[in-house]
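Scroll down for the structure; my scribbles are underneath it.
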Amino acid sequence: MGHRVSDARAAVQALRQLPGVDPDRVAVAGGSGGGAVALLLAAVDPTVSAALVATYFCTFEASLCSIRHCPCNIVPGLLPELEMADIAALIAPRPLILEAGERDHIFPIEATRAAFARLAGVWEEQGSTPPELVVTDSGHAFRAERSLDALVERLA
Numbered sequence: 775m776g777h778r779v780s781d782a783r784a785a786v787q788a789l790r791q792l793p794g795v796d797p798d799r800v801a802v803a804g805g806s807g808g809g810a811v812a813l814l815l816a817a818v819d820p821t822v823s824a825a826l827v828a829t830y831f832c833t834f835e836a837s838l839c840s841i842r843h844c845p846c847n848i849v850p851g852l853l854p855e856l857e858m859a860d861i862a863a864l865i866a867p868r869p870l871i872l873e874a875g876e877r878d879h880i881f882p883i884e885a886t887r888a889a890f891a892r893l894a895g896v897w898e899e900q901g902s903t904p905p906e907l908v909v910t911d912s913g914h915a916f917r918a919e920r921s922l923d924a925l926v927e928r929l930a
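Heads up, the sequence shown is in my numbering, so the first residue is 775 and it goes up one at a time.
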């Protein structure tokens, strides 16, 4: 996971160098494993302007730790000290959009909603707009309909 985040950070830095790109308005977005990368990159790199994390945000306990899953989205050593909401809180006060599927069997919506409930206060304490949770009627699928529009609105 560290290598994937490092690669994404290098891509963001390269993108900032391109003509026509506003280096202060570069965001990250991804679904599932890409959502993990987007979440972690935005958490550790304060120069990332905003993040859209789809089909990943939940609790580790209710998602990746509760099912047989490849280790590709796991960061060893986080539990029990840190949960996914703790990592997401590091993004504050920058914009964060989360997309989740109502019927996602890997990242259960009840646990996603519970983790999401922990975030608003962090942004409010910093005088910023709290994250937005976009719930789709799908399963484990990055739909990017309302969530992408929300990201663009926050970057405007």
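Where a beta carbon is used, it is the ideal one built from N, C-alpha and C, also for glycine.
| query | L815 and V779: beta carbons closer than 7 Å? | reply | As a first step, residue 815 must be located in the sequence shown, where it is residue number 41. As a first step, residue 779 must be located in the sequence shown, where it is residue number 5. Yes, they are a contact pair.
| said: Whether or not the segment 850–860 and the segment 797–806 are in contact is what I'm after, with contact meaning three or more pairs of Cβ atoms, one per stretch, closer than 8 Å; do they touch? | reply: no
| query | If you drop the 5 nearest sequence neighbours on each side, which residues of the same chain put their C-beta closer than 7 Å to that of C832? | reply | Position 58 of the sequence shown, counted from the start, is the residue given in the question as residue 832. Excluding residues within five positions, the ones whose Cβ falls inside 7 Å are M858, F881, P882, A885, T886, A889.
| said: Taking a contact to mean a Cβ-Cβ separation below 7 Å, would you say V896 touches A866 in this structure? | reply: The residue given as residue 896 occupies position 122 in the sequence shown. The residue given as residue 866 occupies position 92 in the sequence shown. Cβ atoms of V896 and A866: closer than 7 Å.
| task | For P793, count neighbouring Cβ atoms within 10 angstroms of its own Cβ and tell me buried if that reaches 16, exposed if not. | result | Sequence index remark: in the sequence shown, residue 793 carries index 19 (1-based). Answer is exposed; the Cβ neighbour count stays below 16.
| query | Who are the Cβ neighbours of I871 in its own chain at under 6 Å, not counting the five residues just before and after it? | reply | Taking the first residue of the sequence shown as 1, we reach residue 871 at position 97. Once the five neighbours on either side are set aside, the close Cβ partners of I871 are L826, E906, S921, A924, L925.
| task | Could you give the DSSP three-state label for L826: helix, strand or coil? | result | Residue numbering aside, residue 826 sits at position 52 when the sequence shown is read from its first letter. Strand, per DSSP.
| message | As an exercise, report each continuous beta strand (DSSP E) stretch of at least 3 residues that is fully enclosed by the segment 792–877, in chain order. | response | 802–805, 825–828, 870–875
| Spatial distance of V800 from D911 (CA atoms) | Your numbering for residue 800 matches position 26 in the sequence shown. Your numbering for residue 911 matches position 137 in the sequence shown. For V800 and D911, the distance between alpha carbons rounds to 29 Å.
| A894 beta carbon less than 7 Å from that of P904 | On the sequence shown, residue 904 is found 130 positions in, with the first residue counted as 1. On the sequence shown, residue 894 is found 120 positions in, with the first residue counted as 1. Yes.
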